[in-house]
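Peer 1: Going down the list, the protein sequences come from chains B and G. The numbers in this note's numbering rise by one with no breaks, and the one at position 6 of the first sequence is 21. The numbers in this note's numbering rise by one with no breaks, and the one at position 101 of the second sequence is 441.
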Amino acid sequence: DAKTTQPTSMDCAEGRAANLPCNHSTISGNEYVYWYRQIHSQGPQYIIHGLKNNETNEMASLIITEDRKSSTLILPHATLRDTAVYYCIVRVTTSGTYKYIFGTGTRLKVLA
Amino acid sequence: KAGVTQTPRYLIKTRGQQVTLSCSPISGHRSVSWYQQTPGQGLQFLFEYFSETQRNKGNFPGRFSGRQFSNSRSEMNVSTLELGDSALYLCASSPGQGTYEQYFGPGTRLTVT
């Protein structure tokens with residue numbers, strides 16, 4: 016199964032862009048990269064996902080390198096409410112079924 | 341739409357007992373996945389059910405089992421509880437399999453004493 020590697024923690028100033036890296040060097044060609052975040056005591060919340068191309072939605076942007084071995088989640092203007100643990104996940108496909116392999120996550124602290 | 345609900349929210353059990361946790365997915369969602377979250381191991385996939393069939397299973401012992409009903413509600417059962425089973429158990433639902441995002445419930449915090 017593909018694994019992801021993320022920095023344990025990061026700080027970001029409020030209003031600045033938060034760039035969260037993820038390494039998934041063993042990812043296979045049909046495996047998607049997902050990002051979720053978990054705010055203390057809550058269930059994880061979906062942010063964005065992608066396969067090859069860069070993706071953007073109202074919450075964030077996802078930049079995937081051409082070789083697909085790494086990606087970066089960008090929160091364009093971080094707020095205090097973005098303080099959370101961010102998980103980079105690979106969705107593994109096995110015989111037509113899917114499961115999500117969570118990394119250890121990056122604890123992002125947005126500073127006022 | 342109501343979100344994913346899990347009951348109970350908190351549970352304390354004794355070693356050797358068994359426990360059943362319940363998950364009600366978002367209306368219309370047919371896929372339910374279960375995860376175990378602990379400080380040491382992080383979030384680990386337990387199993388996924390789709391249309392009452394277990395479609396995928398993580399690397400957990402047979403003491404962990406689950407089922408899904410015709411209304412998509414799901415239960416997971418842990419038998420012969422061990423201290424190491426203390427964790428936050430999360431349920432997630434999605435419309436189906438594929439590139440759908442998963443919507444997580446608040447979790448059930450199980451403490452085994």
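The beta carbon of each residue, even a glycine, is placed where N, CA and C say it ideally should be.
Listing by chain order, which chain G residues have their CB less than 7 Å from the CB of P59/B?
Peer 2: On the first sequence, position 44 is the one that residue 59/B refers to. By Cβ distance, chain G contributes F444.
Peer 1: Would you call Q376/G buried or exposed, if buried means 16 or more other Cβ atoms sit within 10 Å of its Cβ?
Peer 2: Residue 376/G sits at position 36 when you count from the first residue of the second sequence. Buried, because 16 or more other Cβ atoms sit within 10 Å of the Cβ of Q376/G.
Peer 1: Can you grab the Cα-Cα spacing for the pair I42/B / F117/B, in whole Å?
Peer 2: Along the first sequence, read from residue 1 onward, the residue named residue 42/B stands at position 27. Along the first sequence, read from residue 1 onward, the residue named residue 117/B stands at position 102. C-alpha separation (whole angstroms): 13 Å.
Peer 1: Taking Cβ positions only, does G120/B come closer than 8 Å to chain G?
Peer 2: Locating residue 120/B in the first sequence gives position 105, where the first residue counts as 1. Judged by the 8 Å Cβ criterion, G120/B is in contact with chain G.
Peer 1: Considering D26/B, what are the terminal residues of the beta strand (DSSP E) in which it resides?
Peer 2: Taking the first sequence and counting its residues from 1, one reaches residue 26/B at position 11. Where D26/B is concerned, the enclosing beta strand (DSSP E) stretches over S24 to A28.
Peer 1: Once you ignore the five residues that flank A427/G on each side, which residues in its own chain have a CB closer than 7 Å to its CB?
Peer 2: Residue mapping note: residue 427/G aligns to position 87 of the second sequence, counting from 1. Once the five neighbours on either side are set aside, the close Cβ partners of A427/G are Q376, Q377, T378 and L450.
Peer 1: What residues in the segment 388–411 of chain G bring their beta carbon closer than 9 Å to a beta carbon of chain B?
Peer 2: Listed by position, the residues of the segment 388–411 of chain G near chain B (Cβ gap below 9 Å) are E388, F390, R395, N396, K397 and G398.
Peer 1: Nearest chain G C-beta to Y113/B closer than 8 Å, yes or no?
Peer 2: As a first step, residue 113/B is located in the first sequence; it is residue number 98 there, counting from the start. It does: the Cβ of Y113/B has a partner Cβ on chain G nearer than 8 Å.
Peer 1: Comparing C-alpha positions only, which one of L351/G, I366/G and P365/G sits nearest to V418/G?
Peer 2: One-based indexing of the second sequence puts residue 418/G at position 78. Selected option, being the one with the closest Cα: L351/G.
Peer 1: Near F444/G, what residues of its chain come up, given a Cβ to Cβ distance below 6 Å and the 5 sequence neighbours on each side ignored?
Peer 2: Sequence index remark: in the second sequence, residue 444/G carries index 104 (1-based). Taken in chain order, the residues that qualify are L430 and A432.
Peer 1: Let me know the beta strand (DSSP E) ranges lying completely inside the segment 353–435 of chain G, each 3 residues or longer, listed in chain order.
Peer 2: Runs found: 359–364, 371–378, 382–390, 393–397, 404–408, 414–418 and 427–434.
Peer 1: Counting contacts by CB-CB distance shorter than 8 Å, is L421/G in contact with chain B?
Peer 2: For the purposes of this step, residue 421/G is identified with residue 81 of the second sequence, where counting begins at 1. L421/G does not count as touching chain B.
Peer 1: Please list the residues of the segment 24–45 of chain B that have a C-beta atom closer than 9 Å to any C-beta atom in chain G, keeping them in chain order.
Peer 2: Cβ contacts with chain G: none found.
Peer 1: Excluding the 5 residues flanking T354/G on each side, which residues of the same chain have their C-beta closer than 8 Å to its C-beta?
Peer 2: Along the second sequence, one-based indexing puts residue 354/G at 14. So the qualifying residues of the chain are L421, V452 and T453.
Peer 1: I want to know whether the segment 399–406 of chain G touches the segment 113–127 of chain B - three or more CB-CB distances under 8 Å.
Peer 2: In short, these stretches do not touch, since the Cβ pair count stays below three.
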